């Protein structure tokens, strides 16, 4: 249903080629994994966890999951293993306008902002939100090569994942904890000072993160 292509190009579309838009991490490789055959895109936690595990076992260092999967225990366990092997998982925060109480864990969760650095009205909030990233009217490329304007934390997650890939690429000696620390300490602090339930540590800042890496 086009979702995988849209999030992949958000993370890593080639740029300076005169075609379509630009991804965040143009030299990153995409390992596309299907975790459901459901036409509406529903999946079990175990399906998502199996995808994360397969990616880990086949060398992936950044897993971008545009499902609100931060509350599934099997997914968290798979993310823990990925982190232990040098990788990080990023997930979307969800688009239900809900204030949720799930705890923070090894998954980096991205909420959504608009172009004015406000929280997108539908972006979920809670202590599990680690960072915020643009998620309203994001321009990306669909399967036909056409430019799409898309919205949702589904696109905040691959924007964040692309930046994680850039940080790792700039300094391959960084541990996953180092990478997450750089991501979260170079954000633009929004909302209440420090980490909060709306924006996490703040809106991601690629230039500052790369400089620190």
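Residue numbers (the working numbering): 21 to 233. Quick reminder that beta carbons are idealized off the backbone N, C-alpha and C, glycines included. Quick caveat, the model's predicted, so the values are computed rather than measured.
In the displayed model, residue 54 falls within coil according to three-state DSSP, outside both helix and strand. Cα atoms of residue 105 and residue 65: separation of roughly 21 Å, rounded to the nearest angstrom. About 6 Å separates the CB atoms of residue 72 and residue 109; that is less than 8 Å, so the two are in contact. For residue 31, the closest C-alpha among the options 63, 162, 140 is that of 162. Separation of residue 144 and residue 191 (C-alpha to C-alpha, rounded to the nearest whole angstrom) is 32 Å. Secondary structure at residue 103: helix, using DSSP grouped into helix, strand and coil. Around the beta carbon of residue 151, 16 or more other beta carbons sit within 10 angstroms, so the residue counts as buried. Comparing C-alpha distances from residue 154 to each of 21, 27, 23 shows the shortest one belongs to 27.
For residue 122, the closest of 93, 157, 140, 139 by C-alpha to C-alpha distance is 93.
Residue 169 carries a strand assignment under DSSP once its states are collapsed to helix, strand and coil. Annotated three-state conformation of residue 85 is strand, per DSSP. The beta carbon of residue 52 is closer than 8 Å to those of 24, 28 in its chain, skipping five residues each way along the sequence. When the alpha-carbon of residue 56 is set against those of 212, 85, 77, the nearest one is in 85. DSSP assignment within the segment 108 to 174 yields the following whole beta strand (DSSP E) runs of 3 residues or more, N-terminal first: 108 to 112, 128 to 133, 151 to 154, 158 to 161, 167 to 170. For residue 39, the secondary structure class from DSSP, reduced to helix, strand or coil, is coil.
In this structure, the beta-carbon distance from residue 89 to residue 176 does not fall below 8 Å.
The Cβ-Cβ distance between residue 107 and residue 69 does not fall below 8 Å. Residue 230 and residue 199 have their alpha carbons spaced roughly 10 Å apart. For residue 201, the enclosing alpha helix (DSSP H) starts and ends at 196 to 205.
Between residue 114 and residue 160, the beta carbon gap of about 19 Å keeps them out of contact (Cβ cut-off 8 Å). Residue 134 and residue 178 have their C-alpha atoms spaced approximately 16 Å apart.
Counting the other CB atoms within 10 Å of its CB gives residue 75 a total of 16 or more, which places it among the buried residues. Of 22, 83, 232, the smallest CA-CA separation from residue 61 is found for 22.
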